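Remarks on the structure that follows.
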Amino acid sequence: MADLGLLMHEQSIAEPEVFWQKAAKAISWDIVPNKVLDDSNKPFYRWFADGKMNTCFNAVDRHVLAGRGEQTAIHYISPVTQNEYAISYQSMLAQVKRLAGLMVSLGVTKGDRVVIYMPMVPETAYAMLACARIGAIHSVVFGGFAANELSTRINDAKPKLILSASCGIEPSGVVPYKPLLDNALAQATHTVEHCIILNRTEYQAELNAPRDLDWYSALVDAQDVDCVSLDATDPLYVLYTSGTTGQPKGVVRDNGGHAVALAWSMEHIYDTGVGDVFWAASDVGWVVGHSYIVYGPLLVGATTIMYEGKPIGTPDAGAFWRIIEQKHVRSFFTAPTAIRAIKREDPNGEFIKQFDLSCLKQMYLAGERCDPETLNWSQQQLGKPVVDHWWQTETGWPVAANLMGTDPIAIKPGSPARAVPGYQVEILDAMGEPVAANESGNVVIKQPLPPGTLTTLWQNDKRYIDSYLSMYPGYYLTGDAGYIDEDGYLYIMSRIDDIINVAGHRLSTGRFEEVLCQHEAVAEAAVIGVQDKLKGQVPLGLVVLKNGVTLSDDDLYKQLLALVRHEIGPVASFRLVSAVQKLPKTRSGKILRATMRKIADNQDYTMPATIEDPNTLEIVRNALTKMGYANALASEHTGG
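Letter 528 of the sequence shown, counting from 1, is numbered 528 in the UniProt record's numbering, and no numbers are missing.
Structure below.
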């Protein structure tokens, strides 16, 4: 039997123009592109350069024109406020047309930047689509980001307009956004002409006339506007991702390649089409929200869900399963950290048993490395395929995944499966030489990257080349370390800077975490490399235990050490491990290992802008201090 996924991948690499020209037929074009790949200005490849289209038209208008205006486009669910309603494609079109008209009346034109600093409400999607409609370049900043972080993005993007809301809603209560926005604007060197503010009933913000306009009051006199025809290579958005220098990197996404790639991925990876309900439990402030809450589902005429809640606590660990049953979700996408939180609260899956999940075909996990234990638990509890897949803010859509909509292959826990068509993934050593199967190295992607990936960094081509292309000419450096097995399955083990060198042995922190999570008492784990006088570095582990665990500290310690020794061997030099209540994470669920490492090694660090709970850093500091780190010079220790 033919391996359809492998055949598609081979064609996408051997004949990329043929492959992507066929994929481009899923999109409505004003001018159908003849030149699929323009490689005249390497390393800046351009896809569909002579084509013209509009992303908003493809995501909204064409579905209404096709007679599906009454179909639900968005289910909005806010469990804290107990507010829930559905928006049809027809209703969304009316809102987007009018909002785009308001932007035009305020002087926003093609190429202008618009910053969107908003919570998980439908108006945020309207704002993104309205920008796309008129060719303005949106830059969504995660709602509730600190004022100084918002100001750096304002200074870099130089927006003509900002759309924001009075507040966001968290389980802990109302988070006022408007004071943060005012503070950011006061700090910024760039002057913003207008702000459109969505005043929510939970918190009414004061508006500063004439700069600030009330969202719905201002819409009353606005005129509807039609879509602007754009070059496929015109920028759709800038999305900032953390930079190693502390200066955020603005990832630029184009219109045409983005629409083609996302439409292809919805069909072939996510097994989702017209009328299907797709739910990505993320936030529009992150790339997952851009690609798979807003654009991906809408481009294929599916129904998407905007959920202003959490996996636990709003109200309980059954929140996800309740919504999947109620809204008949076909494909569900969340982060491994969300599943680990649910598993910790509900280790036996009692909530899962309460709901009829027959509508659910598969669950997808991404956003961080998925340990096999989390994947196995999910599959066992749900009785459905659980699909680990891997991609980045920069790529915009999956690099490695199981093609569930085309030709699913065997799931191997710990691997996001094989490279997706369009991506030629390789493993290189430090000298740029390919390594053998099952041998670890740096994960790279051969150029050209497929459509939908970053085209450059905002107004900084040099930084784009320096950050991603300079280490291995002709390749994009992912920043991840891993290996490919004899079946072509990719394994992502850690970030390159999370590889630790123990007495000359290069070991992945991800492998340590994988082993620690095998212990029946452990809900999640983080391992960092700390400085050691004798061995250079040694691994240090912090684990969060499942609810109801009665194991003593001493027994836990002995069992974890024995487990690592058995699975990895004495070369691991693993003798530092402790349980903590909570790990420091970003709001998108990524563990802040680099910050933890700096605390352990007594280095200066700044509070990460994306941190979900600043108190967790003190929890970690206390645990590290008890192990002889953080407050003493780590170099004095020898890992005992």
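C-beta: ideal position from N, C-alpha, C; glycine also.
Just so it is clear, the structure is predicted and the values come from calculations on it, not from any experiment.
Where the alpha helix (DSSP H) through residue i begins and ends
i           : result
T374        : P372 to L382
W215        : W215 to L219
P122        : P122 to I134
D604        : Here D604 belongs to no alpha helix (DSSP H), and DSSP marks it neither H nor E.
residue 645 : The structure shown does not extend to residue 645, since the chain spans only 1 to 640, so no value can be given for it.
S151        : A147 to A157
H63         : R62 to L65
V96         : Y89 to S105
V620        : N615 to K626
Top-ranked residue by Cα proximity to residue i, from the options
i    : options                   : result
V114 : V121, M103 and E123       : M103
G589 : M596, I134, T610 and L262 : T610
G275 : V522, T304 and E486       : T304
T72  : R593, E524, V225 and S91  : S91
L236 : R253, L198 and R322       : R253
L560 : V571, G548 and L542       : L542
S470 : I445, W391 and Q223       : I445
Q247 : G313, A417, I154 and L219 : I154
K412 : G383, G432, L428 and D388 : D388
V527 : I499, E520 and N547       : I499
V277 : E267, T509 and R621       : E267
S291 : A436, L129, V64 and D371  : L129
Q381 : D356, V399 and A400       : D356
P614 : I591, A630 and S28        : I591
K546 : A562, L213, Q518 and G536 : Q518
I116 : W215, K97 and R621        : W215
S166 : D156, V141, L181 and V420 : L181
R111 : A86, L161, P79 and A147   : The question names Arg, but residue 111 is Gly in the sequence shown. The shortest Cα separation from G111 among A86, L161, P79 and A147 belongs to L161.
V329 : P336, P311 and S358       : S358
G5   : L477, I409 and I619       : I409
Residue i (DSSP reduced to helix, strand or coil)
i           : result
I197        : strand
L207        : coil
A523        : strand
Q424        : coil
G640        : A caution first: G640 carries a pLDDT of 30, below 50, which makes its placement in the model unreliable, though a value can still be read off. Note: G640 maps to coil in three-state DSSP.
E10         : helix
I594        : It is Ala, not Ile, that sits at residue 594 in the sequence shown. Helix at A594.
residue 673 : The requested residue 673 does not occur in the structure, where the chain is confined to residues 1 to 640.
C167        : strand
I445        : strand
A338        : helix
K52         : strand
T509        : helix
I599        : helix
R418        : coil
G173        : strand
I352        : helix
L4          : helix
L454        : coil
D182        : helix
A630        : coil
Where the beta strand (DSSP E) through residue i begins and ends
i    : result
S331 : S331 to T334
Y177 : Here Y177 belongs to no beta strand (DSSP E), and DSSP marks it neither H nor E.
A73  : T72 to S78
V18  : Careful: V18 lies outside any beta strand (DSSP E), inside the alpha helix (DSSP H) at P16 to A23.
V36  : Counting along the chain, V36 falls outside any beta strand (DSSP E), and DSSP gives it neither H nor E.
D226 : That residue, D226, is in no beta strand (DSSP E); it is neither H nor E in DSSP.
D388 : V386 to D388
For residue i, the residue or residues it bridges with in DSSP
i    : result
H190 : Paired residue(s): none; H190 is not in a bridge.
Q362 : S331
I162 : V115 and C195
S139 : V115
A401 : Partner(s): none; A401 has no beta bridge.
E84  : I77
R46  : D38
I611 : T586
D212 : C195
P434 : L428
Any chain C beta carbon closer than 8 Å to residue i
i   : result
S40 : As a matter of chain content, chain C is missing from the structure shown, which is built from one protein chain.
Unbroken beta strand (DSSP E) runs of length 3 or more, entirely within the region 229 to 270: which are they? Within the region 229 to 270, the complete beta strand (DSSP E) runs of at least 3 residues are 235 to 241 and 249 to 254.
Return the chain-ordered ranges of every alpha helix (DSSP H) run that is complete within the region 459 to 506 and spans a minimum of 4 residues. Secondary structure within the region 459 to 506: the alpha helix (DSSP H) runs of 4 or more consecutive residues, fully enclosed, are 461 to 464 (chain order).
Starting from the N-terminal side, write out each stretch of the beta strand (DSSP E) that is 3 residues or longer and does not extend beyond the UniProt domain "AMP-binding enzyme C-terminal" (513 to 590). Qualifying beta strand (DSSP E) stretches, in chain order: 522 to 532, 536 to 545 and 576 to 579.
Tell me the start and end of each unbroken alpha helix (DSSP H) in the region 270 to 325 that is at least 4 residues and wholly inside, in chain order. Within the region 270 to 325, the complete alpha helix (DSSP H) runs of at least 4 residues are 296 to 299.
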